[in-house]
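J.: In UniProt numbering, the protein residues as written are 1 to 258.
Please find one structure pasted underneath; my questions will follow.
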């Protein structure tokens, strides 16, 4: 269930501005179908940061929790701050001598080289690119055209449908309702703008935008994209079949618990 791969990225995790873990040769670890985590040697973690702890009592699923059995849990402590059960060793011989620290947003701040990365380490086998295009793309919901453009930016991301990002002037934002939802992505950054189609039926957080995306996808800055899975998308006059992805399920989309 566990797969590992060496990395030569310079990776640092900070708590309260202090570097509590640092490595120039971290080990990437995949736990089944989940995105990778980094496993660090003990000497790559600052002294007195790891405090042995009892296992958390909550049985609620968390994307940011370990997805295989844990041998030992640790609190992460530094400068008077304590993050309960924020580190662990996995019960697997391949990584039993290493420790994993949480990437749950709002706890540690992580950088790969000098770029802040959120949610989880970037998978070296995943590609994301944003390309300007002259395709004619339209989005309709319930028979109503909500976006139309001959100059979209297409975002291609491994294992996900192509996303079409529209300039704001090409989107009928007056037909949508802004929400306070946000989400994080290690490849694109923080999506800090979301909109709901009021319906009926309502489609919550059907569209989103990045005010300050990661440099690699800077072309989508300020633009608005929709879930192809939930809308009627026409590209160069051809109505597209709705793709199926994990975002097809409401429970898997950002804001599902809102």
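Even for Gly, the Cβ is constructed at its ideal location relative to N, Cα and C.
Computed from a predicted structure; not experimentally measured.
1) Would you call residue 233 buried or exposed, if buried means 16 or more other Cβ atoms sit within 10 Å of its Cβ?
2) What did DSSP end up calling residue 20 once you bin it into helix, strand or coil?
3) Of the residues 128, 183, 250 and 124, which one's Cα is nearest the Cα of residue 27?
4) Buried or exposed, going by whether 16 or more other CB atoms sit within 10 Å of the CB of residue 143?
5) Does the ligand FMN have a heavy atom nearer than 8 Å to the CB of residue 183?
6) Taking 9 Å as the cut-off, decide whether the C-beta atoms of residue 292 and residue 46 are in contact.
7) Whose C-beta lies closer than 6 Å to the C-beta of residue 259 among residues of the same chain, with five residues either side of it excluded?
8) Quick one, are the C-beta atoms of residue 224 and residue 168 less than 9 Å apart?
9) Taking Cβ positions, are residue 160 and residue 247 nearer each other than 9 Å?
10) Tell whether a beta-carbon distance below 9 Å holds between residue 211 and residue 218.
11) Hey, could you find the ends of the beta strand (DSSP E) residue 10 is sitting in?
12) Please state the DSSP three-state secondary structure of residue 65.
13) I'd like the span of the beta strand (DSSP E) that includes residue 160, first residue to last.
14) I'd like to confirm the pairing. Which residues does DSSP put opposite residue 38 in its beta bridges?
15) Look at the alpha carbon of residue 12 and the alpha carbon of residue 25, and state the distance between them as a whole number of angstroms.
16) How do the region 98 to 114 and the region 64 to 75 stand: do at least 3 beta-carbon pairs fall below 8 Å, yes or no?
T.: Taking the coordinates as given:
1) Residue 233 is buried by the Cβ-count criterion.
2) The answer is strand: DSSP assigns residue 20 an E or B state.
3) Residue 27 has its Cα closest to that of 124, out of 128, 183, 250 and 124.
4) With fewer than 16 other Cβ atoms within 10 Å, it is exposed.
5) As far as ligands go, the structure on display features none, and thus does not contain the ligand FMN.
6) One cannot answer for residue 292 here, as it falls past the ends of the chain, which runs 1 to 258.
7) In this structure the chain extends from 1 to 258, so residue 259 is not present and cannot be described.
8) A distance below 9 Å separates the beta carbons of residue 224 and residue 168.
9) Yes, the pair counts as a contact, with Cβ atoms nearer than the cut-off.
10) Not a contact, by the Cβ cut-off of 9 Å.
11) Premise fails: residue 10 is in no beta strand (DSSP E) and is neither H nor E.
12) Looking at residue 65 - three-state DSSP - the assignment turns out to be coil, as it is neither helix nor strand.
13) Note, residue 160: premise wrong, no beta strand (DSSP E); not H, not E.
14) Under the DSSP definition of a beta bridge, residue 38 partners with 28.
15) Distance between the alpha carbons of residue 12 and residue 25 is about 11 Å.
16) As far as the Cβ criterion goes, the region 98 to 114 touches the region 64 to 75, which means the pair count is three or higher.
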